[in-house]
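To start, the structure itself, in C-alpha cells.
There are 6 protein chains.
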Amino acid sequence: EENKKADTWLPSLVTDTPQEGFELAIKLSRMGVKSTQPNKEILFRERAEYSQDAKALIHASEVIAVHFQTVAEANDYWK
Amino acid sequence: EENKKADTWLPSLVTDTPQEGFELAIKLSRMGVKSTQPNKEILFRERAEYSQDAKALIHASEVIAVHFQTVAEANDYWK
Amino acid sequence: EENKKADTWLPSLVTDTPQEGFELAIKLSRMGVKSTQPNKEILFRERAEYSQDAKALIHASEVIAVHFQTVAEANDYWK
Amino acid sequence: EENKKADTWLPSLVTDTPQEGFELAIKLSRMGVKSTQPNKEILFRERAEYSQDAKALIHASEVIAVHFQTVAEANDYWK
Amino acid sequence: EENKKADTWLPSLVTDTPQEGFELAIKLSRMGVKSTQPNKEILFRERAEYSQDAKALIHASEVIAVHFQTVAEANDYWK
Amino acid sequence: EENKKADTWLPSLVTDTPQEGFELAIKLSRMGVKSTQPNKEILFRERAEYSQDAKALIHASEVIAVHFQTVAEANDYWK
Numbered sequence: 001e002e003n004k005k006a007d008t009w010l011p012s013l014v015t016d017t018p019q020e021g022f023e024l025a026i027k028l029s030r031m032g033v034k035s036t037q038p039n040k041e042i043l044f045r046e047r048a049e050y051s052q053d054a055k056a057l058i059h060a061s062e063v064i065a066v067h068f069q070t071v072a073e074a075n076d077y078w079k
Numbered sequence: 101e102e103n104k105k106a107d108t109w110l111p112s113l114v115t116d117t118p119q120e121g122f123e124l125a126i127k128l129s130r131m132g133v134k135s136t137q138p139n140k141e142i143l144f145r146e147r148a149e150y151s152q153d154a155k156a157l158i159h160a161s162e163v164i165a166v167h168f169q170t171v172a173e174a175n176d177y178w179k
Numbered sequence: 201e202e203n204k205k206a207d208t209w210l211p212s213l214v215t216d217t218p219q220e221g222f223e224l225a226i227k228l229s230r231m232g233v234k235s236t237q238p239n240k241e242i243l244f245r246e247r248a249e250y251s252q253d254a255k256a257l258i259h260a261s262e263v264i265a266v267h268f269q270t271v272a273e274a275n276d277y278w279k
Numbered sequence: 301e302e303n304k305k306a307d308t309w310l311p312s313l314v315t316d317t318p319q320e321g322f323e324l325a326i327k328l329s330r331m332g333v334k335s336t337q338p339n340k341e342i343l344f345r346e347r348a349e350y351s352q353d354a355k356a357l358i359h360a361s362e363v364i365a366v367h368f369q370t371v372a373e374a375n376d377y378w379k
Numbered sequence: 401e402e403n404k405k406a407d408t409w410l411p412s413l414v415t416d417t418p419q420e421g422f423e424l425a426i427k428l429s430r431m432g433v434k435s436t437q438p439n440k441e442i443l444f445r446e447r448a449e450y451s452q453d454a455k456a457l458i459h460a461s462e463v464i465a466v467h468f469q470t471v472a473e474a475n476d477y478w479k
Numbered sequence: 501e502e503n504k505k506a507d508t509w510l511p512s513l514v515t516d517t518p519q520e521g522f523e524l525a526i527k528l529s530r531m532g533v534k535s536t537q538p539n540k541e542i543l544f545r546e547r548a549e550y551s552q553d554a555k556a557l558i559h560a561s562e563v564i565a566v567h568f569q570t571v572a573e574a575n576d577y578w579k
C-alpha cells in the first residue's frame, strides 16, 4: 500500500514560478528515493539520518539541481 | 539466461505522461545496474542492501534524475 | 518557522551579469541543502563541518556548477 | 597489445533503436574505464569486484546514464 | 576581507579559444570551492590535501568538466 | 616547468570521428586532473593508485562521459 503507482503525483512539469519549479525538483528527488525504498518507515529513518550528514546533504542538493535543470527547461526558464 | 539482450525492453523513449516518463527513468537506472551485474541473485541481494543505505538511496535518485532529463527531452517535456 | 516556504526567494533566474548568475547558483545550492535540513542550527553545524573537508568542498562546488548551467542557459549565457 | 587505439570501435553514435543506443552507452562507459586501466587482467579483477558492490553498481549505472544522454541526442531521441 | 564579493572576477563567459575556456572552467570550479570556504588559509590547506588524493583529483576534474560544458556552450563551441 | 600554460594543447573541439572525440574527452579529463596537481611525479603516483581502484575507475569514466557530451555537441554528433 506504500507504493500506489497508479496515483497521479506528476501531472505536469509546468509551474507558475521558478520557486515552484524548485519545489517540484525537490519532490522529484524524493520520489526517486522513494521508488528505490517504498517502505515509509525505513524511508523516514534514512531521511532522518542523511539530513544530519553534511556529505549526504550536499548530494541531496545535487539531485535537486539535476531535476531543476529539467524543470527549468520545461518552463523555458520562466522567461 | 539472465541476460537475454535480444529481448526488447526499450522500444521507445516516448511516454504519455511525465509520470510514466519518470517510471521509464527508474527502469533505465535499473537496467544500467543490471547490465553491470546480470546475475539476479546478486542483484537482489545488493538492491536489498542499498535500499537501506541513505547515501546509496540518494545516489540512486541521482541516476534517475539524469535519465529523467533524457526522457523529458525526448517527450518535449510533455508540453 | 525556519522553513517559510511561502516566502519568495527565487523570483527569477535572470541576472544582470555572469557573476550575479554564479551567486544565484550558490544560493540555489544552499537552498537545496536547506530543503533537506531546514533546522538552522543543524544546518550551520554541518556547514561548519563540510567547509573544512576537502572532498565536501569539491562536491559543493559541483552542485554550484550544475545550477550555474541552468542559470547561464536562462540568461542566454549573457551574450 | 591490450590498448590498440588504432582499432575502430566507435564508428558512429547513430543506432537503429533506443535499446541499441543504451547498449552503446554501456560500451562507452566501459571504454572509459578501459582507457584508464588498459590492462585486461586488472580490468577484469576490478570489474568482478565492483559488480558485487552496491554503491559501485549505482555509480556505473550513472556513467551509462550520462552517455545515454549523448547517444539519445545524437539520434534525435529516435523520434 | 577574503571574500570581497563586490570585486568583478567573472565579466563574461566568452573566451578567444577552447583552451582559455578550459582555464575559465578551472577558475569557476575554484570559485565554487572558495564560496563555501572563503578563508584562504583553510582553503590552501584543503587544496594541498586533495591535490594529493587520487579520488579528490578525479572529482575536481569532474567539476571542471561540468563548467566546461557551460563555457563551451556560451562560446558556441568556438566553431 | 611542469605547468606551461602557454602551450597550446586544445586548439579545437572539432574531431574527424566520434572515436577521436572520445580520445579528446579522455585528454580533457586528464588535463582537469593535471590542473589541480601539476606535479608529474605525484600525478603518476596517484594515477597508478586510482587505476587499480574499481570505484576510482568508474569515477574517471564518468568525467570522460561529461566531456564526451561537450565534444559530441561541438561536432554536431558527427552526423
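Residue numbers (my numbering), protein chains in the order written: chain A, 1 to 79; chain B, 101 to 179; chain C, 201 to 279; chain D, 301 to 379; chain E, 401 to 479; chain F, 501 to 579. We put the CB at the ideal spot given by N, CA and C, even for glycine.
Within-8 Å CB hit, Ala-374 of chain D to chain B: Here the question's residue 374 of chain D lines up with position 74 in the fourth sequence. Output row for Ala-374 of chain D: interface = no.
Determine the chain B residues that contact Ala-56 of chain A at a beta-carbon separation under 7 Å, and present them in chain order. Walking along the first sequence from the start, residue 56 of chain A turns up at place 56. Those within 7 Å of Ala-56 of chain A in chain B are Ala-154, Lys-155, Ile-158.
Return no unless some Cβ of chain F is closer than 8 Å to the Cβ of Ala-448 of chain E. Position 48 of the fifth sequence, counted from the start, is the residue given in the question as residue 448 of chain E. It does not; no Cβ of chain F falls within 8 Å.
Three-state secondary structure assigned by DSSP to Lys-79 of chain A: The sequence position of residue 79 of chain A within the first sequence is 79, counting from 1. Three-state DSSP puts Lys-79 of chain A in coil, outside helix and strand.
Thinking C-beta only, is Val-533 of chain F closer than 8 Å to Val-366 of chain D? Taking the fourth sequence and counting its residues from 1, one reaches residue 366 of chain D at position 66. Taking the sixth sequence and counting its residues from 1, one reaches residue 533 of chain F at position 33. Not in contact: Val-366 of chain D and Val-533 of chain F (Cβ atoms no closer than 8 Å).
With distances taken from CA atoms, which of C:Lys-255, C:Pro-218, C:Val-271, C:Ile-242 is nearest Leu-443 of chain E? By 1-based counting over the fifth sequence, the position of residue 443 of chain E is 43. Looking at the Cα atoms, C:Lys-255 is the closest of the given residues.
Provide the residue span of the alpha helix (DSSP H) that contains Thr-17 of chain A, from first to last. The count along the first sequence starts at 1 and reaches residue 17 of chain A at position 17. Careful: Thr-17 of chain A lies outside any alpha helix (DSSP H) and carries neither H nor E.
Quick one: list the residues of chain F neighbouring Trp-378 of chain D, beta-carbon separation under 9 Å, in chain order. Position 78 of the fourth sequence, counted from the first residue, corresponds to residue 378 of chain D. Those do not exist, as Trp-378 of chain D stays about 13 Å from chain F at its closest Cβ, beyond 9 Å.
Spatial distance of Lys-379 of chain D from Phe-368 of chain D (CA atoms): As a working mapping, residue 379 of chain D is identified with position 79 in the fourth sequence. As a working mapping, residue 368 of chain D is identified with position 68 in the fourth sequence. Approximately 15 Å between the Cα atoms of the pair.
At least one CB of chain C closer than 8 Å to the CB of Val-66 of chain A: is that the case? To locate residue 66 of chain A, count along the first sequence from 1; it is residue 66. So yes, Val-66 of chain A belongs to the interface.
Beta-carbon separation of Tyr-477 of chain E and Glu-573 of chain F under 8 Å? Within the fifth sequence, residue 477 of chain E is the residue found at index 77, counting from 1. Within the sixth sequence, residue 573 of chain F is the residue found at index 73, counting from 1. Cβ atoms of Tyr-477 of chain E and Glu-573 of chain F: closer than 8 Å.
State the start and end residues of the unbroken alpha helix (DSSP H) segment that holds Thr-570 of chain F. Within the sixth sequence, residue 570 of chain F is the residue found at index 70, counting from 1. Taken as a continuous stretch (DSSP letters only), the alpha helix (DSSP H) holding Thr-570 of chain F covers 554 to 574.
Grouping DSSP H, G and I as helix and E and B as strand, with all else coil, what is Trp-9 of chain A? Stepping through the first sequence from its first residue, residue 9 of chain A is reached at position 9. DSSP places Trp-9 of chain A in coil when its eight states are reduced to three.
Can you list, in chain order, the residues of its chain whose CB lies under 7 Å from that of Phe-522 of chain F, leaving out five sequence neighbours each side? Position 22 of the sixth sequence holds residue 522 of chain F. Answer for Phe-522 of chain F: Phe-568, listed in chain order.
Identify the contact partners of Leu-524 of chain F in chain E, using a Cβ-Cβ distance below 9 Å as the criterion. Here residue 524 of chain F is taken as the residue at index 24 of the sixth sequence, counted from 1. Result: empty, since nearest Cβ-Cβ is about 10 Å, beyond 9 Å.
Kindly indicate if chain F contains any beta-carbon less than 8 Å away from that of Ser-461 of chain E. As a working mapping, residue 461 of chain E is identified with position 61 in the fifth sequence. With 8 Å as the cut-off, Ser-461 of chain E counts as an interface residue toward chain F.
Neighbourhood of Asp-316 of chain D by C-beta, 7 Å cutoff - its chain only, sequence neighbours within 5 removed: To locate residue 316 of chain D, count along the fourth sequence from 1; it is residue 16. Here the set comprises nothing.
Quick one: list the residues of chain C neighbouring Gln-437 of chain E, beta-carbon separation under 8 Å, in chain order. Taking the fifth sequence and counting its residues from 1, one reaches residue 437 of chain E at position 37. For Gln-437 of chain E, the neighbours in chain C by C-beta distance under 8 Å run, in chain order, Ser-251, Gln-252, Leu-257.
Does DSSP put Glu-301 of chain D in a helix, a strand or coil? For the purposes of this step, residue 301 of chain D is taken as the residue at position 1 of the fourth sequence. Confidence at Glu-301 of chain D is low in this model, with a pLDDT of 42, below 50, so its placement is unreliable and the value that follows should be read with caution. Reduced to three states, the DSSP call for Glu-301 of chain D is coil.
Could you list which residues in chain B have their beta carbon closer than 9 Å to that of Pro-318 of chain D, in chain order? Translated into the one-based positions of the fourth sequence, residue 318 of chain D becomes position 18. The answer, in chain order, is Leu-110, Pro-111, Ser-112, Leu-113, Ala-174.
Report buried or exposed for Ser-529 of chain F, applying the criterion of at least 16 other Cβ atoms within 10 angstroms of its Cβ. Translated into positions along the sixth sequence, residue 529 of chain F becomes position 29. Burial call: buried.
Go ahead and label Ile-358 of chain D buried or exposed: buried means 16 or more other beta carbons lie within 10 angstroms of its beta carbon, across all protein chains shown. Position 58 of the fourth sequence, counting from 1, holds the residue named residue 358 of chain D. Buried, by the Cβ-count rule.
Which of the three DSSP states, helix, strand or coil, is assigned to Ser-551 of chain F? Position 51 of the sixth sequence holds residue 551 of chain F. Here Ser-551 of chain F sits in coil by DSSP.
Residue-chain proximity (Gly-421 of chain E, chain C), Cβ-Cβ < 8 Å: Position 21 of the fifth sequence, counted from the start, is the residue given in the question as residue 421 of chain E. Not one chain C Cβ lies under 8 Å of Gly-421 of chain E.
Out of D:Thr-308, D:Pro-318, D:Glu-346, D:Ser-312, point me to the one whose CA is closest to Trp-209 of chain B's CA. Given a span of 101 to 179 for chain B in the structure shown, any question on residue 209 of chain B remains unanswerable.
Using 10 angstroms around the beta-carbon of Pro-211 of chain C, count the other beta-carbons present and answer buried if the total reaches 16, otherwise exposed. By 1-based counting over the third sequence, the position of residue 211 of chain C is 11. Classification for Pro-211 of chain C: exposed.
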